[in-house]
Each structure stands twice: as C-alpha cells, then as structure tokens.
Amino acid sequence: MFTLSEDQIAIRDMARDFANEQIAPYAVEWDEKKHFPVEQLRAAAALGMGGIYVKEDVGGSGLTRLDAALIFEQLATGCPGTSAYLSIHNMSTWMIDRFGDDTQRRKWVPRLASMEHFASYCLTEPGAGSDAAALKTKAVRNGDHYIVDGQKQFISGAGSSDIYVVMVRTGGDGPKGISTLVIEAGAPGLSFGANERKMGWNVQPTRTVTFEGVKVPVENRLGEEGEGFRIAMAGLDGGRLNIGACSLGGAQAALEKALSYMRERKAFGKRLDEFQALQFRLADMATELECARTFLWRAASALDAKAPDATQLCAMAKRIATDRGFEVANDALQMHGGYGYLSDYGIEKIVRDLRVHQILEGTNEIMRLIVARALIAQGN
Ligand SMILES: Cc1cc2nc3c(=O)[nH]c(=O)nc-3n(C[C@H](O)[C@H](O)[C@H](O)COP(=O)(O)OP(=O)(O)OC[C@H]3O[C@@H](n4cnc5c(N)ncnc54)[C@H](O)[C@@H]3O)c2cc1C
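Heads up: the sequence shown runs through residues 105 to 484, numbered per the working numbering.
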C-alpha cells in the first residue's frame, strides 16, 4: 500500500515527463492568453490519459483510481488547470462507460477516450450548487424523446466540448426525480454563455449552458429514470480524488520552485535555505503534502476495492489534499518574497489555480457534511 509497483512508477514517470515537456513550458502563457490546450490534451490521450479508468474494449486504459491519482498529480506539476480539465473529461467519460449500455458505450466512449471528442459534466445550476438535488433543469418525455429546458452554471469545457453529461429533472422534487442525459453539441436549442472571467483555471473555458426546447432521444439516457443523482455522485467520488491529486501536483511544483529559489536568493548575508525558520517551514510543507498524498492513495485504493466507506474517504481526501495543497502553494509564494507575486515565476498562477479546488466538485464544507452524516449514521 505504501510503495508503488514498477508499473505504477512507470505510469507516474510517463505523466511527469509529459508535463515537463508538453505542459510546464507553456502554462504561464496559456493562462495569460486564456488558451485551452486542445492539442496537448489530445497528445495526452494518445498516451492513454483520455480514458484512464475506462474499460479497454471501448478504447480506455483500464487502469485503477490510484493510477489516475498518480497521473493527475504529475500532470498538475505542469499546469493544475490543464490537469483538472482532463480529470473532468475522464470523470464524464467514465460515467458513460460505467452506466451506459453497450450501444451507448460504443457510440460515445471511443472518441472520448482518444479525445477526438471532449466531455463536460453538467450538474450545477444558478439556483442549485451545494444543494445539487434541488436542480430544476426539466426533461419532459414526449414519445421517444425528451424536451429539455433550463440552465447549467459554471460548466468546465462548455462551448468547446462535444458531449455534455447533464443531470435533469424527469420526476418529482429531490434526488429521486433526477436522470442523466447525454446531450451532443450542435443540438438545436443548446447554447452557451460567454467565457467567465475568473481568478484561475484560465486555461479552460467556464460557461453557462442553456437548454431551450432541446430534443434529446430517450436512448441518450444513462440508466433508468430517477438514477441520475446516484450516477452524478458516483462520478464525483473519483472526480474528488482527481481534483485532490491536481492540488498535490500544483503544490509539489510550488515547493520545488521554492527550494530552488531559496538556494539562490540571499538576505542578511546568507542563502534563504540557511535560515532555520524557513527550513522548518519547508519541512512542514513537505510533511503536510506527504500526509495528504498518502491518505489520497488510501482513499483511491478504497474506491478501487469498492469499500463501503469509499465515498466518505474520498470526501476526506478531497478536503485534506485541496486545503493542504493551497496552503503549501501559498507558503511557497511567500518564500519567493515580491518575486512570487510576479507572473514570470509561475507561482502565483499555481496559487490562483488551486484556490478553486476548495470550492468545486463539492465545496470543502460539503465534504465535511458528507463525513459528518456518515459518522452520525454509524453512531445511530
Ligand atoms: C471554475 C469553476 C468550474 C466549475 N466547473 C463545474 C463543472 O464543470 N460542472 C458543474 O456541474 N459544476 C461546476 N462548478 C460548480 C461548483 O461545483 C459549485 O460552484 C460548487 O458546488 C458550489 O456551489 P455554489 O457556487 O452554488 O455555492 P453555494 O452552494 O451557494 O455555497 C455558498 C457557500 O455556502 C456554503 N454552504 C452551502 N451549503 C452549506 C451547508 N449545508 N453547510 C455548510 N456550508 C454550506 C458553501 O460551502 C459555500 O461556501 C464549477 C465552479 C467553478 C468556480
């Protein structure tokens, strides 16, 4: 459990090499220009990173959640925002692979695994974020199709994606009235808002998605009517691990930048890495990251093993990895002094990118809610 196999080391190193060569050198410029690196994402998919834990018969890599965590951490050392979009694409693709029937899997997954097509996950609405089960986007059945009306908010990849995995209301209030539909780009009545101006994650677009009388064949529904909320939450268990891994990677890169900066920079006649106060802080940063990483691997292994407490462990891991990751990156910025605040050093971008990981895929307050509910249920 605490050592990686030879295969896992090879997967991790492959992802780190890819990040070093194809992502890191360009990340600051992509952020400035709000450039979505489609070409590099497709190159990652060519190495098997477009459908990491998707089954091999439809073009996936058939790897584990732990393998995925290793990959997303390493890619995020190059750019957390790029790695995080890939994680959302993987989550959506997995949902089709896991909950789709054979026809659906064969229709959509191969082109998603190769990233000829990109995917978005559409749960949040203007009036339903943390309380996702209150969503209102309506799908009314009319013979062999649904008519979908409503709006989704904050959708990553929207406008650039080809496939939208959308949670809609087909029944009454609450989670049991929700179903999941796959909606293809180009459907009449489907439109997108402007690319949001935001603090970080500038390498990927975030837009509203509006549905006005969109006609969706019933055969595009994943699972049965009423199963959509369960499907959405199942996707998020893995999604939360992946986002946590992205925070670890960003923070690791920030720590490495701080170490090399402190070797060079002098104050009061000494190198910065000779001050004990800063050495202690470095030690704490590395310790916090290692604790979060080890725990994230444990949660990933629990999800791989389908352990009954996997959801709770994934929520714990997401909170720890994203909170610790942000703090470590912010400390690394502080160690750079004023230079940390300049874009050229690449560190303020990491801090901006990691901040949102404490908010999305369920805020860290909602992670506490999941853990507390499980504890109280066990107590009862
Ligand atoms: C850049 C970005 C990309 C995103 N990408 C996607 C995407 O691709 N797909 C998608 O579906 N969504 C996406 N989201 C949406 C994201 O998941 C939501 O923003 C998040 O779930 C929080 O919802 P909200 O913003 O409506 O906040 P609210 O739910 O309004 O919460 C506001 C505050 O209240 C707290 N709060 C709410 N309820 C409770 C409670 N019961 N107890 C304690 N505290 C509580 C929250 O933690 C938060 O601090 C994205 C968001 C951002 C910013």
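Each residue gets a CB set at the ideal place from its N, CA and C atoms; glycine is no exception.
How many Å lie between residue i and residue j at the Cα?
i	j	result
residue 290	residue 136	29 Å
residue 424	residue 393	9 Å
residue 435	residue 444	10 Å
residue 113	residue 410	23 Å
residue 268	residue 468	25 Å
residue 364	residue 195	35 Å
residue 272	residue 362	46 Å
residue 122	residue 156	15 Å
residue 397	residue 248	47 Å
residue 331	residue 208	16 Å
residue 335	residue 415	13 Å
residue 438	residue 371	15 Å
residue 265	residue 222	5 Å
residue 178	residue 429	14 Å
residue 111	residue 319	45 Å
residue 232	residue 280	16 Å
residue 470	residue 454	24 Å
residue 285	residue 244	12 Å
residue 182	residue 356	10 Å
residue 220	residue 378	50 Å
residue 333	residue 146	30 Å
residue 118	residue 277	46 Å
residue 326	residue 201	10 Å
residue 412	residue 227	24 Å
residue 140	residue 368	34 Å
residue 199	residue 421	21 Å
residue 376	residue 125	29 Å
residue 166	residue 206	17 Å
residue 519	residue 373	Shown here, the chain extends from 105 to 484; a query on residue 519 therefore has no answer.
residue 382	residue 451	18 Å
residue 321	residue 270	13 Å
Can you tell me whether DSSP reads residue i as helix, strand or coil?
i	result
residue 165	coil
residue 217	helix
residue 118	helix
residue 261	coil
residue 284	strand
residue 139	coil
residue 399	helix
residue 460	helix
residue 296	strand
residue 253	strand
residue 272	strand
residue 156	coil
Do residue j and residue i count as a contact pair if the criterion is CB distance below 8 Å?
i	j	result
residue 197	residue 217	yes
residue 213	residue 447	no
residue 258	residue 310	yes
residue 346	residue 238	no
residue 190	residue 153	yes
residue 261	residue 224	yes
residue 297	residue 465	no
residue 293	residue 317	yes
residue 406	residue 475	no
residue 457	residue 304	yes
residue 287	residue 324	yes
residue 229	residue 275	no
residue 358	residue 433	yes
residue 210	residue 162	yes
residue 246	residue 138	no
residue 350	residue 148	no
residue 404	residue 169	yes
residue 174	residue 116	yes
Answer with yes or no whether the minimum CB distance from residue i to chain B is below 8 Å.
i	result
residue 233	Given the protein chain composition of this structure (a single chain), no chain B is represented.
Exercise. Can you list the beta strand (DSSP E) stretches of 3 or more residues lying completely in the region 303 to 389, in chain order?
Worked result: 310 to 321
Problem set entry | Those runs of the alpha helix (DSSP H) which lie wholly inside the region 177 to 250 and span at least 4 residues | 184 to 203, 206 to 217
Exercise. Which ranges would you report for the alpha helix (DSSP H) in the region 414 to 456 if only whole runs of at least 4 residues count?
Worked result: 414 to 439
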